[in-house]
Amino acid sequence: MKLNRFKEIALDGTVRQNPTFRLVLGTCPTLALTTAAISCLGMGAAVTFVLVFSNIIISLLRNIIPDKVRIPCFIVIIATFVTLVRMFLVAFLPDLNDSLGMFLPLIVVNCIILGRAESFASHNPVLDSACDGLFMGLGFTVAITLMGIVREVLGKGQLFGVELWDFKIGFFENSAGAFLTFGLFIAIFNLCYNAVERKLRHKAAHKTAAIAENTTEIPTTETASQSKEA
Amino acid sequence: MDILGIIVAALFSQNFVLSKFLGICPFLGVSKKVNSALGMGIAVTAVMVITCAVTYPIYVFLLVPLGLEYLEILIFILVIASLVQILEMVLKKFSPGLYSAMGIYLPLVTTNCAILGVAELVISQVNGDKGMFHFADFVFGKVVNEWFDFSYGAAVLSGIFYGLGFTLAIVLLAGLRQKVDKLNVAKPLRGFPITMLTACFMAMAFYVFASI
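Just so you know, the sequences run in chain order U and Z.
Just so we're aligned, residue 190 is where the first sequence starts under my numbering, counting upward by one.
Just so we're aligned, residue 14 is where the second sequence starts under my numbering, counting upward by one.
Here is the structure:
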């Protein structure tokens with residue numbers, strides 16, 4: 190895999206198509222588990238694991254799975270990995286299993302995983318799909334952990350379970366606070382994203398203008414492609 | 014806790030969407046118009062009732078005696094997917110009018126976490142103390158739980174009322190969104206963020222019922 194392609198996939202997964210803030214997928218665990226940052230990390234790790242391995246398997250089987258029954262096939266593959274994660278957590282990390290509760294089995298119907306299977310892994314090579322799974326999972330983990338930190342500090346006065354101060358706003362702990370935090374996070378992320386994108390586009394436009402001014406002769410195909418890349 | 018209190022809990026204070034955060038994707042995705050929201054709500058309620066009616070006996074009479082509890086996720090999702098497929102085929106054959114009204118929402122219901130969620134909730138009651146949500150305490154109350162002994166009827170009943178709670182929430186949000194769409198909302202808040210804020214106020218209103 191070329192470095193450029195890797196960079197594209199990494200940027201897509203974490204920023205440009207961030208599953209939580211840009212695509213707004215997998216919202217149920219995002220809203221429900223962000224009361225504590227530590228369970229967000231656990232959820233993120235579980236989702237990333239399932240995403241990477243289901244992407245790999247689906248990508249390997251992409252030419253075998255018939256088109257008509259692809260969704261049930263994807264779901265069965267995903268459910269297998271979720272079952273593995275659940276068995277692992279029950280055996281080794283029972284506390285985390287309790288705090289994730291029913292949202293652990295519900296990873297099966299998490300739209301991020303099915304969405305990546307459908308839109309990426311089912312028609313891309315194995316290595317690309319694994320990277321896509323990894324970075325999508327990372328994007329999800331970082332996003333919900335950030336929200337978890339905000340809600341835990343404001344709602345409980347704690348950070349990763351460590352007591353910080355006595356000041357608590359109970360609102361952020363209940364369900365209305367979850368919707369408010371999520372809505373504001375999406376708004377702020379979009380605001381920053383659009384500002385950065387505008388700046389980058391501005392820069393690129395300046396560069397192409399400068400190239401066009403400097404080249405007095407008719408631009409060859411080579412310079413044209415260069416300016417496109419810039 | 015009396016029956017009325019139980020129904021109020023399932024519809025309002027323990028609302029599936031606004032308090033348990035299940036089925037958020039269709040809640041945000043299919044709530045642009047009241048009509049489509051109603052169709053989605055009815056489809057979810059129907060599938061929920063059938064799911065509860067089918068997965069509960071499968072778990073109690075098939076998986077537990079055979080010691081296959083660890084396969085529950087796999088079996089449930091397959092059962093739900095095939096149930097939705099069968100329901101779609103039956104509707105298409107016997108009631109084309111109903112099919113054209115709610116058929117397009119049925120495939121979406123398969124990957125709706127509210128459906129798998131309700132199946133898991135019912136099962137967590139069977140598991141007793143291992144259960145994650147202590148189903149009986151928050152829906153049916155201890156007294157009613159003794160009456161029913163968490164029987165088959167209670168499992169189906171829970172499907173009906175959770176489904177109705179979902180329908181109520183999604184239809185209300187659709188009504189609010191139709192009004193909000195006419196307003197001049199600040200640009201970064203357009204789309205999902207303003208919908209989330211609307212849902213936030215709805216959640217606050219529903220939360221009040223918890224104190225009754």
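Beta carbons are placed, not taken as given, at the ideal position from N, Cα and C, and that holds for glycine.
From a predicted model like this one, the values you see are computed outputs, not experimental measurements.
Within this structure, are the beta carbons of Phe210/U and Ala332/U separated by less than 8 Å?
-> A distance below 8 Å separates the beta carbons of Phe210/U and Ala332/U.
The segment 24-35 of chain Z in contact with the segment 86-101 of chain Z per 3-pair CB rule at 8 Å | Contact fails: fewer than three Cβ-Cβ distances are below 8 Å.
Exposed unless 16 or more other CB atoms sit within 10 angstroms - verdict on Gly80/Z = Note on Gly80/Z: under 16 other CB atoms within 10 angstroms of its CB, so exposed under the neighbour-count rule.
So which residues of chain Z does Ala221/U contact, with C-beta pairs closer than 7 Å?
-> For Ala221/U, the neighbours in chain Z by C-beta distance under 7 Å run, in chain order, Phe34.
Collapsed DSSP secondary structure at Gln27/Z in the structure displayed = Residue state, collapsed to three classes: coil.
Report the partner residues of Met348/U according to the DSSP bridge assignment.
-> Note on residue identity: the sequence assigns Leu, not Met, to residue 348/U. DSSP links Leu348/U through a beta bridge to Val351/U.
Identify every run of the alpha helix (DSSP H) within the segment 302-376 of chain U, keeping only runs that are complete inside it and at least 4 residues long; order them along the chain.
-> Those alpha helix (DSSP H) runs which fall completely within the segment 302-376 of chain U and span 4+ residues are 315-345.
Determine the DSSP secondary structure at Asn383/U, reduced to helix, strand or coil.
-> Asn383/U: helix per DSSP, three-state reduction.
State the CB to CB distance for the pair Gly36/Z and Val57/Z, rounded to an integer number of angstroms; the pair is presumed to be in contact (CB under 8 Å).
-> At roughly 7 Å, the Cβ-Cβ gap stays under 8 Å, so Gly36/Z and Val57/Z are in contact.
Given a cut-off of 8 Å, decide if Val184/Z and Ala50/Z are closer than it, judged by their beta-carbon atoms.
-> Cβ distance < 8 Å, so Ala50/Z and Val184/Z count as in contact.
Which of helix, strand or coil DSSP assigns to Asp287/U | Residue state for Asp287/U is assigned as helix, using DSSP reduced to three classes.
Going by the C-beta, is Gly366/U closer than 7 Å to any heavy atom of the ligand SAM?
-> For the structure depicted, the ligand SAM is absent and the ligand set is empty, with no information on it obtainable.
Taking only beta-carbon positions, decide if Ser311/U is within less than 8 Å of chain Z.
-> No, Ser311/U does not count as interfacial toward chain Z.
Short CB-CB distance (under 8 Å) between Leu282/U and chain Z = Put simply, the CB of Leu282/U is far from chain Z, with every gap to its CB atoms at 8 Å or more.
Can you give the beta carbon distance from Ala187/Z to Lys33/Z, rounded, assuming they're within the 8 Å contact cut?
-> Not confirmed; about 20 Å, so no contact.
From which residue to which residue does the alpha helix (DSSP H) around Pro218/U run?
-> In the DSSP assignment, Pro218/U falls within the alpha helix (DSSP H) that extends over 216-222.
CB-CB length for Thr203/U against Phe324/U, believed under 8 Å = Indeed they touch by this definition, with Cβ atoms about 5 Å apart.
Output yes or no for whether 8 Å exceeds the beta carbon distance between Gly359/U and Cys300/U.
-> Not closer than 8 Å, so no.
What in chain Z is Cβ-close to Ala306/U, meaning under 9 Å?
-> Chain Z residues near Ala306/U: none, gap ~11 Å exceeds 9 Å.
Flag this pair as touching only if the segment 193-203 of chain Z and the segment 165-180 of chain Z have three or more C-beta atom pairs under 8 Å; answer yes or no.
-> The segment 193-203 of chain Z is not in contact with the segment 165-180 of chain Z.
Just confirm the distance between the C-beta atoms of Val60/Z and Leu111/Z, as a whole number of angstroms; I'd bet it's less than 8 Å.
-> Contact annotation, Val60/Z with Leu111/Z: C-beta distance approximately 14 Å; criterion of less than 8 Å not satisfied.
With 16 other Cβ atoms within 10 Å as the buried cut-off, status of Asn48/Z | Answer is exposed; the Cβ neighbour count stays below 16.
Residue range of the alpha helix (DSSP H) that includes Thr124/Z = Careful: Thr124/Z lies outside any alpha helix (DSSP H) and carries neither H nor E.
Between the segment 376-399 of chain U and chain Z, which residues of the former have a C-beta closer than 7 Å to a C-beta of the latter?
-> Those residues of the segment 376-399 of chain U placed with their C-beta closer than 7 Å to a C-beta in chain Z are Ala376, Asn379, Leu380, ordered along the chain.
Mind pulling the chain U residues with CB within less than 8 Å of Thr58/Z?
-> Within chain U, no residue has its CB atom less than 8 Å from the CB of Thr58/Z, the nearest being about 18 Å off.
Residues, ordered as in the chain, of the segment 198-222 of chain Z that lie near chain U by beta-carbon distance below 7 Å = With the criterion set as a beta carbon lying under 7 Å from some beta carbon of chain U, the members of the segment 198-222 of chain Z are Pro201, Leu202, Phe205, Pro206, Met209, Leu210, Ala212, Cys213, Ala216, Met217, Tyr220, in sequence order.
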